[in-house]
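Going by the working numbering, the sequence shown runs without a break in its numbering and finishes at 1599.
C-beta: ideal position from N, C-alpha, C; glycine also.
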Amino acid sequence: MPPRSPLPPRHGLGAAWVRTPDHDHGRPRPWSTMGHWLRDTSPEGVDVDGMLADERFVYGDGSVLLADDAYRPHTFVWFHRDLREEPEVPGDIAVLHRDERLVVVDKPPFLSTIPRGRHVRQSVTVRLRDELGLPELSPLHRLDRVTSGVLLLATERRWRGPYQSLFEHRQVRKTYLALAPRRDELTFPCTVRNHIAKTRGVWQAQVVPDAPVNAVTDIEVEARLGDLAVYRLTPHTGRTHQLRLHLHGLGIPIVGDPLYPEVLDVSVDDFSTPLQLVASTLEIVDPVDGRERRFVSGRSLPIT
């Protein structure tokens, strides 16, 4: 665990850090200077010399790391990463509720919950840390980037544990709404039970036949819209892509889904076709004050 960063957040993001190896126990050191170590160990494409010239590397006490500084074992070095220019994701992050402990928002589609991959500034966490002035704001659960709706965040680190325990122990009641093809030959309400597995690096999750059940969803028809229908989904588990895969398995894949039934070649910066899936309601018994809380998305289907 690193010590506290000497650099303030930038764009809602904390500074990154690296650390020189522990003492070499008398063996020859491969680096004579800190600049030599940074150049040798930084990933390809990182402009170490430019960052050194701009005095962007600092030690734990906030002093600037200079290229010719003598190499120091077991030393933390802090810096801010360069970020790519990200197209702004359309749609506002509507704040449904805010108090000392929680911020509850209505997430638009295409906005990542947390900074990752090519989406850093354009994530709920980073945008709201900056907009609300809450540097420790962090999500208590996640929604897929293409999914809309209710998302809970803790205002400070000290509140994360009590609320995350609700999700870990399945003490959160959630419902979703999805727009998908109408099939009158199917009988609703129904419950889908199966085993879902997701392989790291593979876009789609898979149903594993005859494996123990680990994914359960109740499904009912909310409304009929011509050849489409709005389905109310109540998950009892939280497997990756569970709702998308369960509707696909019934032959009614969610409208606008770029992964099911097939993986589509869609740019991450293409915001033209939103997934028609909304995290509609979320209910908890507050672990701090015991109050029953219910949060409802203001988004309706179809999402345009």
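- Boundaries of the beta strand (DSSP E) around Trp1373: Phe1371 to Phe1374.
- Cβ contact annotation for Ala1492 (same chain, cutoff 6 Å, sequence separation greater than five): Gln1501 and Val1503, in chain order.
- Two segments are said to touch when three or more pairs of C-beta atoms, one from each, lie closer than 8 Å; by this definition the segment 1443-1463 does not touch the segment 1479-1491.
- In the structure shown, the three-state DSSP call for Trp1332 is helix.
- Annotation: Tyr1366 to Gly1309 spans about 25 Å, alpha carbon to alpha carbon.
- Going by DSSP, Ser1460 is part of no beta strand (DSSP E) but of the alpha helix (DSSP H) stretching over Arg1455 to Glu1463.
- Inside the segment 1340-1381, DSSP marks whole beta strand (DSSP E) runs of 3 or more residues at positions 1371-1374, from first to last along the chain.
- Val1467 is a Cβ neighbour of Ile1579, given a cutoff of 9 Å.
- Buried is the label assigned to Ser1407, since at least 16 other Cβ atoms lie within 10 Å of its Cβ.
- Contact between Gly1444 and Arg1594 holds: CB atoms are separated by about 6 Å, below the 8 Å threshold.
- With a contact defined as Cβ atoms closer than 8 Å, Leu1528 and Pro1404 miss out at about 17 Å.
- Between Tyr1471 and Ala1574, the beta carbon gap of about 6 Å places them in contact (Cβ cut-off 8 Å).
- Taking 8 Å as the upper bound for CB-CB distance, Leu1438 and Lys1402 are in contact here, some 6 Å apart.
- A distance below 8 Å between beta-carbons, with the five flanking residues on each side excluded, links Ala1475 to the following residues of its chain, in chain order: Leu1523, Ala1524, Tyr1526, Leu1542, Ile1547, Pro1548, Ile1549, Val1550 and Gln1571.
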